[in-house]
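**Student:**
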Amino acid sequence: MQSAPFRMISATITMLLLVALVTVIGLAIRDNDAVALIIPTPTSTPIEPSRNATATSPQPQPAMTPSAAPALVAQSVLTDALALPNGATATTPNGSPTATDSTPAGVAAVSLIALGPVERVTTGGFAFQSLPDYAIEVTGNAVNMQATDADPAIGPIFLLSGGPPGQFVSGSTSSLDAIFAQFVDFFAARDNFRVDNQRPHTTVNLRGLAADISNADDAVGEPFAGQIFMARPGANQIFVMVGIAPTERWMAHVADEYEAVLNSVETFVPGAEESAKATSASRTPTSSDATTPVATPTPASTGLSLSAGTTATSTRLATPRGTATSARSPTPTLSPTVTPVPVSTPQWEVLSNGNYVNAVIGEGQTVWAASDGGVVAWNLQSGQASKFTNIDGLSSNAITAAAYCPIATLGVVFGSVAGLQVFDLRSGGWRTLNSANSPMSFDNVRALYCNADAGFLVVGYADQGLDIFDANAAEWSYIGLDEIGPIHALTADDALAQVWVGGDAGVALVEDGDVTLYSSQNSPLPDASVEALTTDADGSIWLTAANSLWRVTSVDGEREWQEFNADSVADSAFPDGPLTGVAAASDGTLWVASADVQICQFDPQTERCIRDATYNPRQQNGLVQGPLTSLSIWQGQSGEELYYTTAGGGFSRFAADRWQAFALADEPLLGDQVRSMAQAENGMIWLASNGGVQQIDPSALATIGQNGTRTDVSAVQRFAQINSDLF
Numbered sequence: 001m002q003s004a005p006f007r008m009i010s011a012t013i014t015m016l017l018l019v020a021l022v023t024v025i026g027l028a029i030r031d032n033d034a035v036a037l038i039i040p041t042p043t044s045t046p047i048e049p050s051r052n053a054t055a056t057s058p059q060p061q062p063a064m065t066p067s068a069a070p071a072l073v074a075q076s077v078l079t080d081a082l083a084l085p086n087g088a089t090a091t092t093p094n095g096s097p098t099a100t101d102s103t104p105a106g107v108a109a110v111s112l113i114a115l116g117p118v119e120r121v122t123t124g125g126f127a128f129q130s131l132p133d134y135a136i137e138v139t140g141n142a143v144n145m146q147a148t149d150a151d152p153a154i155g156p157i158f159l160l161s162g163g164p165p166g167q168f169v170s171g172s173t174s175s176l177d178a179i180f181a182q183f184v185d186f187f188a189a190r191d192n193f194r195v196d197n198q199r200p201h202t203t204v205n206l207r208g209l210a211a212d213i214s215n216a217d218d219a220v221g222e223p224f225a226g227q228i229f230m231a232r233p234g235a236n237q238i239f240v241m242v243g244i245a246p247t248e249r250w251m252a253h254v255a256d257e258y259e260a261v262l263n264s265v266e267t268f269v270p271g272a273e274e275s276a277k278a279t280s281a282s283r284t285p286t287s288s289d290a291t292t293p294v295a296t297p298t299p300a301s302t303g304l305s306l307s308a309g310t311t312a313t314s315t316r317l318a319t320p321r322g323t324a325t326s327a328r329s330p331t332p333t334l335s336p337t338v339t340p341v342p343v344s345t346p347q348w349e350v351l352s353n354g355n356y357v358n359a360v361i362g363e364g365q366t367v368w369a370a371s372d373g374g375v376v377a378w379n380l381q382s383g384q385a386s387k388f389t390n391i392d393g394l395s396s397n398a399i400t401a402a403a404y405c406p407i408a409t410l411g412v413v414f415g416s417v418a419g420l421q422v423f424d425l426r427s428g429g430w431r432t433l434n435s436a437n438s439p440m441s442f443d444n445v446r447a448l449y450c451n452a453d454a455g456f457l458v459v460g461y462a463d464q465g466l467d468i469f470d471a472n473a474a475e476w477s478y479i480g481l482d483e484i485g486p487i488h489a490l491t492a493d494d495a496l497a498q499v500w501v502g503g504d505a506g507v508a509l510v511e512d513g514d515v516t517l518y519s520s521q522n523s524p525l526p527d528a529s530v531e532a533l534t535t536d537a538d539g540s541i542w543l544t545a546a547n548s549l550w551r552v553t554s555v556d557g558e559r560e561w562q563e564f565n566a567d568s569v570a571d572s573a574f575p576d577g578p579l580t581g582v583a584a585a586s587d588g589t590l591w592v593a594s595a596d597v598q599i600c601q602f603d604p605q606t607e608r609c610i611r612d613a614t615y616n617p618r619q620q621n622g623l624v625q626g627p628l629t630s631l632s633i634w635q636g637q638s639g640e641e642l643y644y645t646t647a648g649g650g651f652s653r654f655a656a657d658r659w660q661a662f663a664l665a666d667e668p669l670l671g672d673q674v675r676s677m678a679q680a681e682n683g684m685i686w687l688a689s690n691g692g693v694q695q696i697d698p699s700a701l702a703t704i705g706q707n708g709t710r711t712d713v714s715a716v717q718r719f720a721q722i723n724s725d726l727f
């Protein structure tokens, strides 16, 4: 057993290290050689554009005067992304840089946690909203926020800081990636903490990089967790926010508070002499706020020098929301540091086509489209859309599957070639689950099936089988399916006793741990892939293979197969051609569709089509052009609503006996699989994709306004604007 003095010494060391971390982050690197991060000047290397991205000229960032925004409180319809063990490695999303060095300006921060009025730190070049129960200390260009009941060593405590790159690293740096990596690595090595899951991260107003931090494996003291975020709003401006708290508190609520404050941050060009100022005219400062001392760690206890001279600080206690506080401090005197030459970094824009849709989620007034060009969120009332790509937080633009899965800590979930993408309404951003940061076995997700009532999610991979997440048991289990090939579709019974998997080689049944593959060798199925699967109210399995619809039932333990196609069904409206979609309605009927958009509401009892529809290019009837990729039914205000998706035409919705088309009007690319690209002498860009050969005028890209989805605000901001009912 450790002695009391030993425990006291260990706790003291831990406190000093953490105080050093929080103090140094965001403050200038001073003249103390022991704490200055000296890095060699890197060779200037141009940034290579991705195969589907075009850079546009950066716009100067105007100085802004944020006004006080009311604190908003709302209940999210979704839950957090799945909390999983640490250990993720740094990843770079396909097709875009890992950071964007420009900040969209515009809308007020949206917070789903009660926040205080807007505070302005002019020397740091940023504004933010505080938390009512946190005390605030302003030191020059940095803000220290500490919970009133914080542990003196490990918080909860947040620090926000802004300034030129030279205040964070010494030496010339050409990119945010280099600044962030060397900044984090230096302090991790010096202060012995662990860094996980370095990733791109998008807030309401900023795009940057983030990393999770926690105790090192050999560290002593109480465990803590936290996050570091860094953005580069301008070529000569860096913003950093760090937060730490005891691990249990961080996981319970502090992480959400951190994200809420981070989402409120807006940046502007530094220049005023005030170090902090409340910007609402209705808030009357009180003298006691600036003079009442608060117990905060002092830099002197760490041996660090804050300044070559004397830097004044201002401190105020946490105040109820709406109470004004204001404090002034002289501009700090900084030690000389090497400031990098400003680098002109263009603003990245991903060019993709969100009309190549693989699946949709219909939830309330929002329809989420999973496409080869990212995720598009449509508002049914306004018809407006917000498009998310990998510069908005996705790990990949190739989104292959979708499921509404409000179990455990999931919600709106998408499958991609880089794992699962989960949209979190509370933080207004995306989180990725993959084989590096979760119990998932692989990353290349092709199909999803969720039963929220039963509490499970089935994840189908391209060639590697299945993962099943059982929320009730909080367990993941893997099932190998070597013979079925790429997976196209999934369904399961409520008890998870049977899981049916459609793939290139047929359909597989996973039952009691055993896998049975049904193909042309041991069943009536043709030698063709199974493209779609569903289960009806009676428990029968329906699937499509080649030109036929099949019903699979179990009689006395034996499988019985019944085939329906245009030749066997005495109804000319039954689709004739490869069938690529099937969905079961609650009334016992089946919706079935072909690749060329022949749709039939099929009654198995009468073997006739109750309703039918066919795409006709000469008619504007709400049906979009195929090929049809999926068919699904979602509950809407008018009852059950039918959706079909297409490869290139967007998707259509059938509700209240009316078809309605949804497609982004002016997507710049004909297809998302760009195979070759060249630029002519006149500056025009020629490229070849799965959609054909096309010519693009780079100068015209800035003027494109595709159905309101490409604007001067981020996708997260636009989503909040057009889906205000969710907030």
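Per the numbering used here, the very first residue in the sequence shown carries number 1; after that it's consecutive. Think of the CB as a built atom: it goes at the ideal place given N, C-alpha and C, for glycine as much as any other residue.
(1) From the DSSP output, which residues share a beta bridge with Ile633?
(2) Ends of the alpha helix (DSSP H) at Glu729?
(3) Can you list, in chain order, the residues of its chain whose CB lies under 8 angstroms from that of Glu363, leaving out five sequence neighbours each side?
(4) Run through the DSSP bridge pairs and tell me what Glu511 is partnered with.
(5) Spatial neighbours of Gly636 within its chain, please: C-beta separation below 7 angstroms, excluding the five flanking residues on both sides.
(6) Tell me the DSSP secondary structure of Gly460 in three-state form.
(7) Using only alpha-carbon positions, find the residue among Ala495, Phe128, Leu628, Thr148 that is nearest to Cys450.
(8) Rank Gly226, Thr544, Trp591 by C-alpha distance to the C-alpha of Asp212 and give the top, closest one.
(9) If you reduce the DSSP assignment to three classes, tell me which class Pro293 lands in.
(10) Please state whether DSSP places Arg618 in a helix, a strand or coil.
(11) Buried or exposed for Pro617, going by 16 or more other Cβ atoms inside 10 Å?
(12) Where do the ends of the beta strand (DSSP E) carrying Asn565 lie?
(13) Apart from the five residues just before and just after Phe456, which ones in its own chain have a Cβ nearer than 8 angstroms to its Cβ?
(14) Do Thr534 and Val582 have their C-beta atoms closer together than 8 angstroms?
(15) So, with DSSP's three-state summary, where would you put Thr247?
(16) Out of Asp372, Glu640, Trp561, Ser554, which one is the CA nearest neighbour of Gly588?
(17) Could you pull the start and end residues of the beta strand (DSSP E) that Gln660 belongs to?
(18) Does the count of Cβ pairs from the segment 245 to 264 and the segment 150 to 166 closer than 8 angstroms reach three?
(19) Hey, Asp504 and Pro526 are a contact pair by Cβ (cut 8 angstroms); roughly how many whole angstroms apart?
(20) Determine the extent of the beta strand (DSSP E) in which Gly162 is found, giving its start and end residues.
(21) Is DSSP giving Val184 helix, strand or coil here?
(22) Report yes if the C-beta distance between Asn141 and Gly162 is below 8 angstroms; otherwise report no.
(23) Tell me, to the nearest whole angstrom, how far the beta carbon of Ser676 is from that of Leu664; I am working on the premise that it is less than 8 angstroms.
(24) Bridge partners of Cys600, per DSSP?
(25) So, under 8 angstroms CB-CB, Ala127 and Glu266 are touching, yes? Tell me the CB distance rounded to an integer number of Å.
(26) I think Thr580 touches Thr544, with their Cβ atoms under 8 angstroms apart; what is that distance to the nearest whole Å?
(27) Verify whether the separation of the beta carbon atoms of Leu209 and Leu262 is less than 8 angstroms.
(28) I need the straight-line Cα distance from Ser135 to Ala508, nearest angstrom please.
(29) Suppose you measure from the CA of Ala402 to the CA of Gly415; what does that come to, to the nearest Å?
(30) Which partner residues does Gly480 have in the DSSP bridge list?
(31) What does DSSP give as the partner residue(s) for Met241 in the beta ladder?
(32) Under 8 angstroms, do Ala489 and Glu531 count as touching if we go by C-beta distance?
(33) Which residues share a DSSP beta bridge with Thr267?
(34) Hey, would you say Arg207 sits closer than 8 angstroms to Ala231, going by beta carbons?
(35) Around the C-beta of Thr638, are 16 or more other C-beta atoms found within 10 angstroms, so that it is buried, or is it exposed?
(36) Please classify Arg120 as buried or exposed, where buried requires at least 16 neighbouring CB atoms within 10 angstroms.
**Tutor:** This is what the structure gives:
(1) By 1-based counting over the sequence shown, the position of residue 633 is 633. DSSP output for Ile633 lists Leu642 as bridge partner(s).
(2) No information on residue 729 is available, as it lies outside the stretch 1 to 727 that the chain covers here.
(3) Translated into the one-based positions of the sequence shown, residue 363 becomes position 363. These residues qualify, in order along the chain: Val77, Tyr404, Val412, Trp634.
(4) One-based indexing of the sequence shown puts residue 511 at position 511. Note: Glu511 sits in a beta bridge opposite Gln498, Asp514.
(5) The residue you call residue 636 lines up with position 636 of the sequence shown. Counting only Cβ-Cβ distances below 7 angstroms, and skipping sequence neighbours, we find Gly362, Ala655.
(6) Counted from its first residue, the sequence shown places residue 460 at position 460. DSSP places Gly460 in strand when its eight states are reduced to three.
(7) Translated into the one-based positions of the sequence shown, residue 450 becomes position 450. Selected option, being the one with the closest Cα: Ala495.
(8) One-based indexing of the sequence shown puts residue 212 at position 212. Considering only alpha carbons, the answer is Gly226.
(9) Here residue 293 refers to the residue found at position 293 of the sequence shown. For Pro293, the predicted structure reports a pLDDT of 31, less than 50, and the residue's modelled location is therefore unreliable. A value from the coordinates is still provided. In this structure, Pro293 counts as coil in the three-state DSSP scheme.
(10) Reading the sequence shown from its first residue, position 618 is the one you call residue 618. Arg618 falls in the coil class under three-state DSSP.
(11) On the sequence shown, position 617 is the one that residue 617 refers to. Pro617 comes out exposed.
(12) Here residue 565 refers to the residue found at position 565 when the sequence shown is read from its first residue. Note, Asn565: premise wrong, no beta strand (DSSP E); not H, not E.
(13) Walking along the sequence shown from the start, residue 456 turns up at place 456. Closer than 8 angstroms at Cβ, skipping near neighbours: Ile407, Cys450, Ile468, Phe469, Asp470, Ala471, Asn472, Ala492, Leu496.
(14) Taking the sequence shown and counting its residues from 1, one reaches residue 534 at position 534. Taking the sequence shown and counting its residues from 1, one reaches residue 582 at position 582. In this structure, Val582 lies closer than 8 angstroms to Thr534 by Cβ.
(15) As a first step, residue 247 must be located in the sequence shown, where it is residue number 247. DSSP places Thr247 in helix when its eight states are reduced to three.
(16) Here residue 588 is taken as the residue at index 588 of the sequence shown, counted from 1. Looking at the Cα atoms, Glu640 is the closest of the given residues.
(17) Here residue 660 refers to the residue found at position 660 when the sequence shown is read from its first residue. From DSSP, the beta strand (DSSP E) with Gln660 extends over 658 to 662.
(18) yes
(19) To locate residue 504, count along the sequence shown from 1; it is residue 504. To locate residue 526, count along the sequence shown from 1; it is residue 526. In fact, because the Cβ distance is near 13 angstroms, the residues do not count as touching under 8 angstroms.
(20) Residue mapping note: residue 162 aligns to position 162 of the sequence shown, counting from 1. Unbroken beta strand (DSSP E) run through Gly162: 155 to 163.
(21) Residue numbering aside, residue 184 sits at position 184 when the sequence shown is read from its first letter. Correct three-state label for Val184: helix.
(22) As a working note, residue 141 is residue 141 in the sequence shown. As a working note, residue 162 is residue 162 in the sequence shown. Result yes, Cβ atoms of Asn141 and Gly162 sit closer than 8 angstroms.
(23) Within the sequence shown, residue 676 is the residue found at index 676, counting from 1. Within the sequence shown, residue 664 is the residue found at index 664, counting from 1. That pair is no contact at about 24 angstroms.
(24) Here residue 600 corresponds to residue number 600 of the sequence shown, with the count starting at 1. In the DSSP output, where bridge partners are listed per residue, Cys600 has Val592, Asp612.
(25) Residue mapping note: residue 127 aligns to position 127 of the sequence shown, counting from 1. Residue mapping note: residue 266 aligns to position 266 of the sequence shown, counting from 1. Sure, about 5 angstroms apart at Cβ, within 8 angstroms.
(26) In the sequence shown, the residue the question calls residue 580 occupies position 580. In the sequence shown, the residue the question calls residue 544 occupies position 544. At roughly 7 angstroms, the Cβ-Cβ gap stays under 8 angstroms, so Thr580 and Thr544 are in contact.
(27) As a working note, residue 209 is residue 209 in the sequence shown. As a working note, residue 262 is residue 262 in the sequence shown. Their beta carbons are not under 8 angstroms apart, which means Leu209 does not touch Leu262 by this criterion.
(28) The count along the sequence shown starts at 1 and reaches residue 135 at position 135. The count along the sequence shown starts at 1 and reaches residue 508 at position 508. Looking at the sequence shown, residue 135 is not Ser but Ala. Those two C-alpha atoms are separated by around 59 angstroms.
(29) To locate residue 402, count along the sequence shown from 1; it is residue 402. To locate residue 415, count along the sequence shown from 1; it is residue 415. The straight-line gap from Cα to Cα measures roughly 6 angstroms.
(30) Looking up residue 480 in the sequence shown gives position 480. Paired residues: none, contrary to the question.
(31) As a first step, residue 241 must be located in the sequence shown, where it is residue number 241. Leu160, Phe229.
(32) Here the question's residue 489 lines up with position 489 in the sequence shown. Here the question's residue 531 lines up with position 531 in the sequence shown. Yes, they are a contact pair.
(33) Here residue 267 refers to the residue found at position 267 of the sequence shown. Bridge partners of Thr267: Phe126.
(34) To locate residue 207, count along the sequence shown from 1; it is residue 207. To locate residue 231, count along the sequence shown from 1; it is residue 231. Their beta carbons are under 8 angstroms apart, which means Arg207 touches Ala231 by this criterion.
(35) Within the sequence shown, residue 638 is the residue found at index 638, counting from 1. It is Ser, not Thr, that sits at residue 638 in the sequence shown. With fewer than 16 Cβ atoms within 10 Å of its Cβ, Ser638 is classed as exposed.
(36) Taking the first residue of the sequence shown as 1, we reach residue 120 at position 120. Buried, since its Cβ has 16 or more Cβ neighbours within 10 Å.
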